[in-house]
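Asks: Below is a structure I'd like to ask you about.
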Amino acid sequence: MINFLIRNYMYLANRKMPVKPYPLSFWEAKKASLRRFSGKENILSPSYRWLKTPGAAIPVQELKGLYDGVTLGSWTMDADSMALLWSRLVKERPKVIVECGCGVSTIMFGKYFSLYRPDGILLSLEQDPKEKLRLEGRLKDLGLEKGVHIYHLPVAGPDEGYDFAQFGGLATLPFMEPFDWLIVDGPAGGDNSRYNTVPALQSMAKPGATWFLDDALRDAELNILERWSHLPGVVVTGVYPVGKGFAEGSYK
Numbered sequence: 642m643i644n645f646l647i648r649n650y651m652y653l654a655n656r657k658m659p660v661k662p663y664p665l666s667f668w669e670a671k672k673a674s675l676r677r678f679s680g681k682e683n684i685l686s687p688s689y690r691w692l693k694t695p696g697a698a699i700p701v702q703e704l705k706g707l708y709d710g711v712t713l714g715s716w717t718m719d720a721d722s723m724a725l726l727w728s729r730l731v732k733e734r735p736k737v738i739v740e741c742g743c744g745v746s747t748i749m750f751g752k753y754f755s756l757y758r759p760d761g762i763l764l765s766l767e768q769d770p771k772e773k774l775r776l777e778g779r780l781k782d783l784g785l786e787k788g789v790h791i792y793h794l795p796v797a798g799p800d801e802g803y804d805f806a807q808f809g810g811l812a813t814l815p816f817m818e819p820f821d822w823l824i825v826d827g828p829a830g831g832d833n834s835r836y837n838t839v840p841a842l843q844s845m846a847k848p849g850a851t852w853f854l855d856d857a858l859r860d861a862e863l864n865i866l867e868r869w870s871h872l873p874g875v876v877v878t879g880v881y882p883v884g885k886g887f888a889e890g891s892y893k
């Protein structure tokens, strides 16, 4: 019961906080405080029961109709995180975006290109070939396939992340250009499965490029963020109190 109460408390408490990135030290202090009451893993991660919303209710007018019949926030990115990303897209207008893990965000980027950045390029890396084909079909049905390129990239092992050596270097990928944004929402796997995304892609980042990490309030992701913070040329700005935790950082 105490774990149930804490995870519901985290959702309500996060909703009351100003939407800005809070440093890792803030979240570590909060986790230490909650550990006095529970030793459960992922104690900072809000209950998914609050995060699940119908796709038709997404709070972004330009995205209405794209997610009808889809439930957001369980195994997908949640609606609030998508709204945060959309506001940043419209403001910053990135041209080249790399995405680790295709899904509802892939459709959002396709819509962004169609409205604001017709020269935009999305390079989406996906471990599941069936999901790749499904998303490509969905994008075509919506007329949002322009500029979107999804590549099947297997994982090296359940806890090793993407096998980036598959391509002989990402710079060899068709349409690959130095990127403005990196979105990390995959691959699925063990606690370390997402670690190598930010360092492996660093050589392809433009100076000052922004990266984002979903599910950032889980213990594994917080540990990954701490390790990233010690990498040369990588800055961890903090974690937004939205959804399952949405982290932001940059490359120097």
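Those letters in the sequence shown? Residues 642 to 893, by the working numbering. We put the beta carbon where it would ideally sit given N, CA and C, even for glycine.
For Val789, which of Ala698, Lys671, Phe750 and Arg734 has the nearest alpha-carbon?
Replies: Phe750
Asks: Three Cβ pairs or more, each shorter than 8 Å: is that satisfied between the stretch 766-777 and the stretch 848-859?
Replies: no
Asks: Pull up the distance between the alpha-carbon of Leu653 and that of Val876, whole angstroms please.
Replies: CA-CA distance, Leu653 to Val876, rounds to 29 Å.
Asks: Run the CB neighbour count on Leu646, radius 10 Å, all protein chains shown included, and call it buried at 16 or more, exposed below.
Replies: Looking at its Cβ environment, which holds fewer than 16 other Cβ atoms inside 10 Å, Leu646 is exposed.
Asks: Is the beta carbon of Phe667 sitting closer than 9 Å to the one on Val739?
Replies: no
Asks: From Met723 to Leu866, what distance separates their C-alpha atoms?
Replies: 20 Å
Asks: Rounded to whole angstroms, what is the Cα-Cα separation between Pro700 and Asp804?
Replies: 36 Å
Asks: For a quick check, are the C-beta atoms of Pro662 and Gly879 less than 9 Å apart?
Replies: yes
Asks: What does Ser765 pair with, by DSSP beta-bridge criteria?
Replies: Glu740 and Ile791
Asks: Are the stretch 776-789 and the stretch 755-765 in contact at 8 Å, needing three or more beta carbon pairs?
Replies: yes
Asks: List the endpoints of the continuous beta strand (DSSP E) containing Trp716.
Replies: Per DSSP, Trp716 belongs to no beta strand (DSSP E) and is neither H nor E.
Asks: Below 8 Å, can you find three or more Cβ-Cβ pairs linking the stretch 729-744 to the stretch 808-828?
Replies: Verdict: yes, contact present.
Asks: Under a three-way DSSP split, which group does Gly886 fall into?
Replies: coil
Asks: What number of angstroms, rounded off, separates the C-alpha of Trp869 from the C-alpha of Tyr836?
Replies: 8 Å
Asks: Applying the criterion that 16 or more other CB atoms from any shown protein chain within 10 Å of the CB defines a buried residue, is Ala888 buried or exposed?
Replies: buried
Asks: Measuring only the C-alpha atoms, how far is Asn864 from Leu665?
Replies: Approximately 10 Å between the Cα atoms of the pair.
Asks: Do Val745 and Tyr708 have their C-beta atoms closer together than 9 Å?
Replies: A Cβ-Cβ contact shorter than 9 Å links Val745 with Tyr708.
Asks: With respect to the beta strand (DSSP E) encompassing Lys847, which residues constitute its N-terminal and C-terminal limits?
Replies: Ala846 to Leu854
Asks: Which word fits Pro795, buried or exposed, when buried means at least 16 other C-beta atoms lie within 10 angstroms of its C-beta?
Replies: exposed
Asks: Need the endpoints of the alpha helix (DSSP H) that Thr878 sits in, please.
Replies: Counting along the chain, Thr878 falls outside any alpha helix (DSSP H), though it belongs to the beta strand (DSSP E) covering Val875 to Tyr881.
Asks: Go ahead and pull the three-state DSSP assignment for Leu785.
Replies: Reduced to three states, the DSSP call for Leu785 is coil.
Asks: Tell me, please, which residues DSSP counts as bridged to Pro695.
Replies: Thr712
Asks: CB-CB under 8 Å to Ser688, same chain, minus the five flanking residues each way: which ones, in chain order?
Replies: Take Ser688, set aside five residues on each side of it, and the residues of its chain with a beta-carbon closer than 8 Å to its own are Phe645, Arg648, Asn649, Met651 and Tyr652, in chain order.
Asks: So, using beta-carbon positions, are Asp832 and Ala797 closer together than 9 Å?
Replies: no
Asks: I'd like the list of long-range same chain contacts for Tyr792, defined as Cβ closer than 6 Å, with 5 residues on each side in sequence excluded.
Replies: Leu766
Asks: Does DSSP put Ala797 in a helix, in a strand, or in coil?
Replies: strand
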